[in-house]
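Visitor:
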Amino acid sequence: MLSRVALKPVRSAIQPLRMTQTSATSNAAAAATSESSERDLVNFPRPVRQEFPAKVRMGFIPDDWFQFFYSKTGVTGPYTFGLGLATYLCSKEIYIMEHEFYTGLSIAIMGIYAVKKLGPATAKFLDAEVAKSDAALNSGRDVSIDQAKSKIVSEKAEQERALAQKMLFDAKRENVALQLEAAYREQLIKVFTETKKRLDYQVEVQNVQRNLEQRHVVDWVLRNVRAAVTPEQEKATLSQCIANIKSLAQQNTARI
Amino acid sequence: MMANLFSIFDPSATLSLPMNWMAIFVGLFILPWTFWVSSNRSGKLLGLVTSQLHMEFKTLVGTASSQGHTLIFISLFLFILFNNLMGLAPYVFTASSHLAMTLALAFPLWLSFMLYGWFNHTLHMLAHLVPLGTPGVLMPFMVLIETISNVIRPGTLAVRLAANMIAGHLLLVLLGNQGPSMTFSLLSVLLVTQILLLTLESAVAVIQSYVFAVLATLYSSEVV
Chain A
1 MLSRVALKPV RSAIQPLRMT QTSATSNAAA AATSESSERD LVNFPRPVRQ
51 EFPAKVRMGF IPDDWFQFFY SKTGVTGPYT FGLGLATYLC SKEIYIMEHE
101 FYTGLSIAIM GIYAVKKLGP ATAKFLDAEV AKSDAALNSG RDVSIDQAKS
151 KIVSEKAEQE RALAQKMLFD AKRENVALQL EAAYREQLIK VFTETKKRLD
201 YQVEVQNVQR NLEQRHVVDW VLRNVRAAVT PEQEKATLSQ CIANIKSLAQ
251 QNTARI
Chain B
1001 MMANLFSIFD PSATLSLPMN WMAIFVGLFI LPWTFWVSSN RSGKLLGLVT
1051 SQLHMEFKTL VGTASSQGHT LIFISLFLFI LFNNLMGLAP YVFTASSHLA
1101 MTLALAFPLW LSFMLYGWFN HTLHMLAHLV PLGTPGVLMP FMVLIETISN
1151 VIRPGTLAVR LAANMIAGHL LLVLLGNQGP SMTFSLLSVL LVTQILLLTL
1201 ESAVAVIQSY VFAVLATLYS SEVV
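If you read the protein sequences in the order shown, they are chains A and B. Numbering-wise (the working numbering), the first sequence opens with residue 1 and increments by one. Numbering-wise (the working numbering), the second sequence opens with residue 1001 and increments by one.
1. How would you list, in chain order, the residues of chain A whose beta-carbon sits under 9 Å from the beta-carbon of P1032 (chain B)?
2. Hey, is the region 1138–1155 of chain B in contact with the region 1112–1129 of chain B, meaning 3+ C-beta pairs nearer than 8 Å?
3. Give me, in chain order, the residues of the same chain whose beta-carbon lies closer than 8 Å to that of S1042 (chain B); leave out the 5 immediate sequence neighbours on both sides.
4. Between V1204 (chain B) and N1164 (chain B), is the Cβ-Cβ spacing less than 7 Å?
5. From B:L1172, B:K1044, B:F1035, B:I1072, pick the residue whose C-alpha is nearest to that of A131 (chain A); which is it?
6. Got a sec? Which residues, its chain only, sit under 7 Å from F1079 (chain B) by beta carbon, not counting five neighbours each side?
7. Check I1148 (chain B) in the structure and name its three-state DSSP category.
8. So with CB distances below 8 Å, who are the chain A contacts of G1176 (chain B)?
9. To the nearest whole angstrom, what separates the beta carbons of Q1178 (chain B) and T103 (chain A), a pair I think is in contact under 8 Å?
10. Please report the distance separating the alpha-carbon of Q209 (chain A) from that of A236 (chain A).
11. Using beta carbons (cut-off 7 Å, strictly below), is L1173 (chain B) in contact with chain A?
12. With H, G and I counted as helix, E and B as strand and the rest as coil, what does DSSP make of V56 (chain A)?
13. Name, please, each residue of chain B whose Cβ falls closer than 7 Å to the Cβ of S106 (chain A).
14. Does M110 (chain A) come within less than 7 Å of chain B when only Cβ atoms are used?
15. In terms of residue numbering, what span does the alpha helix (DSSP H) encompassing K172 (chain A) cover?
16. With DSSP run on the structure shown, which of helix, strand or coil describes I242 (chain A)?
17. The alpha helix (DSSP H) that contains V1223 (chain B), what's its start and end?
18. Check whether the Cβ atoms of L1005 (chain B) and S1096 (chain B) sit closer than 7 Å, and answer yes or no.
19. Using a Cβ-Cβ cut-off of less than 7 Å, give me the residues of the region 133–157 of chain A that come near chain B, in sequence order.
20. For V217 (chain A) and N244 (chain A), I'd like the C-alpha separation in whole angstroms.
21. Compare the C-alpha of A1023 (chain B) against each of B:S1051, B:G1087, B:S1075 and name the closest.
22. From the DSSP secondary-structure annotation, give me the bridge partner or partners of P62 (chain A).
23. To the nearest angstrom, report how far apart F1119 (chain B) and K1058 (chain B) are at their CA atoms.
24. Does DSSP classify T1102 (chain B) as helix, strand or coil?
25. How about L126 (chain A): is its C-beta nearer than 7 Å to some C-beta of chain B?
26. Could you tell me the alpha carbon to alpha carbon distance between A1100 (chain B) and S1185 (chain B), rounded to whole angstroms?
27. Provide the residue span of the alpha helix (DSSP H) that contains N1083 (chain B), from first to last.
28. Mapping DSSP to helix, strand and coil, what is N1164 (chain B)?
29. Name the residues in the region 46–76 of chain A whose C-beta lies less than 7 Å from a C-beta of chain B; which are they?
30. Excluding sequence positions up to five away, which residues of its chain have a Cβ less than 8 Å from the Cβ of M97 (chain A)?
31. Using beta-carbon positions only, say whether V1061 (chain B) and H1054 (chain B) come within less than 7 Å of one another.
32. Would you verify that the beta carbon of L1157 (chain B) is, or is not, closer than 7 Å to some beta carbon of chain A?
33. Mind pulling the chain A residues with CB within less than 8 Å of V1026 (chain B)?
34. At the 7 Å Cβ level, is A1218 (chain B) part of the contact set with chain A, yes or no?
35. The alpha helix (DSSP H) that contains S91 (chain A), what's its start and end?
36. Is N252 (chain A) helix, strand or coil by DSSP?
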């Protein structure tokens, strides 16, 4: 405890900085060093929670003490000091190895064995318990975050659905256009057929009229011709025809 | 230099002040610092032990328990536990091996329970003097016996704790005293024996503190 007070400047240089705040708040805190008007964050920075215990050598001596002496005595300095001190105390009988010493030795052996064997398992178990209670503390916030995230996802799904509605509109519009086109074509054909019908009628009428005229003219001509044929003409024609036939017949009998 | 075997328990007085009783405060160094809301490993361990004890003591008191009824007994347990365990370490004064301390814990507790019970629930306390199902002939003797057992309760509480601690320490000291005069080969036997004894002593330390706290809980539950 006192070593922390004594070695404060050294400690601040090697502060373990695993934060349990969120990166957002820590970034905000770092960014607000100059902006915070209520508190001087440069000279009085916010304390940060250590994630793991401080480093120790040989189980109980803080590593800071060795770092503190490193510049003066090097790596073996503190060990030499400890060994020398122990030897001095024992040899001068300042420290007498009586019953308490052997009790202490037994306790040291027990302690080292217990820490080496049961230490990691206990640490893991306790870390799990701490994580559980931390999760319980953070649960309100985390649950709200999860709810907000799921809301975002469902909102996006709703937006996609709305887009699909848009496609539906386009499809409907196309459908209506097709129907209009079909109706237009139908009417076009109708108009065509009607017009053709009327024109055909006119053509038929003309044809019929011409036929009538033709027949009438023919009948008239025939009638007039028949009327114009006098009996002498008739006789002359008939005798001519008979003469022709006779000559033909003579020709034919000559050939045979 | 040991005048007799029990001089290990002598409170050493330097500067004409018995500073050895400051050993009682060593337990405070082990209590966790709760600056942060999220606990560290040792704090979590202490919390687990405390909550487990609270559950146990609550069931002991039963329906008569009120909010915070178990708090004093849990702190009593932790106090005696730290004193016992710290006393096992070398050169630490075992405060709980002195009747002065154990009686100072047991007597006020018992006295307060008795005064409260006898003044406020006299009939209830008188009824406790005769257990259920005693034959009529034996009742006077039962009252006498129960009174005596009630009266020696603080004594038993105090002496039980002190005697257990004294016995354990005595054994360790006897064994340790043979250490300086031993060869190196025999030293291993000595260390093994001491380790076994220390295991026993740690168990006894925990059990004695638990017994003290549980008995105090039971006495309090009798009275309510």
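The beta carbon of each residue, even a glycine, is placed where N, CA and C say it ideally should be. Small disclaimer: the values here were computed from a predicted structure and weren't measured.
Guide: Per the coordinate set shown:
1. The contacting residues do not exist; P1032 (chain B) stays about 12 Å from chain A at best.
2. yes
3. I1030, P1032
4. yes
5. B:K1044
6. G1027, listed in sequence order.
7. helix
8. Simply E98, H99, E100, F101, Y102, T103.
9. About 12 Å separates the two Cβ atoms, so there is no contact after all.
10. 39 Å
11. The question names Leu, yet the displayed sequence has Val at residue 1173 (chain B). Yes, because at least one Cβ of chain A sits closer than 7 Å to the Cβ of V1173 (chain B).
12. strand
13. L1191, Q1194, I1195, L1198
14. yes
15. Counted as a single uninterrupted DSSP element, the alpha helix (DSSP H) harbouring K172 (chain A) occupies residues 99–228.
16. helix
17. 1184–1223
18. no
19. S133, D134, L137
20. 32 Å
21. B:G1087
22. A:V56
23. Linking F1119 (chain B) to K1058 (chain B) through their CA atoms gives a straight-line distance of about 25 Å.
24. helix
25. With 7 Å as the cut-off, L126 (chain A) counts as an interface residue toward chain B.
26. 41 Å
27. 1071–1088
28. helix
29. Listed by position along the chain: R49.
30. C90
31. no
32. no
33. Under the 8 Å cutoff, chain A gives no residues; its nearest Cβ is about 13 Å from V1026 (chain B).
34. In the sequence on display, residue 1218 (chain B) carries Leu and not Ala. With 7 Å as the cut-off, L1218 (chain B) does not count as an interface residue toward chain A.
35. 77–91
36. helix
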